[in-house]
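The opening position of the sequence shown corresponds to residue -13 in my numbering, with each subsequent residue numbered one higher.
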Amino acid sequence: MADLLWQKPGVAVDAKIQTFLAGDDVILDREFFLYDVAASKAHAQGLENIGILGNDERVGLQRELDVLA
């Protein structure tokens, strides 16, 4: 099983539980990842537009999302 984004170092994930909970979702998540990043960047922009995030917060979030992509 490939390492999972949320898996803690040194902690084993039971393969049967992972298969039951996610099945092939991990494979699909990898295909959608860049789209999720783009959507999150747009969401951050929208939150700035309505005053929930400040400009510095939005810029910081988008910069870190760019690192992930």
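Note that the Cβ used here is the ideal one computed from N, Cα and C, for glycine as well.
As the structure is a computational prediction, the values presented were derived from the model and not from experiment.
In terms of residue numbering, what span does the alpha helix (DSSP H) encompassing Gln4 cover?
Along the sequence shown, read from residue 1 onward, the residue named residue 4 stands at position 18. Its alpha helix (DSSP H) spans residues 1 to 7.
Can you tell me whether Ala30 is buried or exposed? The criterion is at least 16 other CB atoms within 10 Å of its CB, across all chains shown.
Against the sequence shown, residue 30 aligns to sequence position 44. Buried is the call here.
Continuous alpha helix (DSSP H) stretch holding Leu39: start and end
Within the sequence shown, residue 39 is the residue found at index 53, counting from 1. Counted as a single uninterrupted DSSP element, the stretch harbouring Leu39 is not any alpha helix (DSSP H), since DSSP gives it neither H nor E.
Roughly how many whole angstroms lie between the Cα atoms of Leu(-9) and Gly40?
Reading the sequence shown from its first residue, position 5 is the one you call residue -9. Reading the sequence shown from its first residue, position 54 is the one you call residue 40. A direct Cα-Cα distance of roughly 28 angstroms separates Leu(-9) from Gly40.
Classify Asp22 as helix, strand or coil using the three-state DSSP reduction.
In the sequence shown, residue 22 corresponds to position 36, counting from 1. Looking at Asp22 - three-state DSSP - the assignment turns out to be helix.
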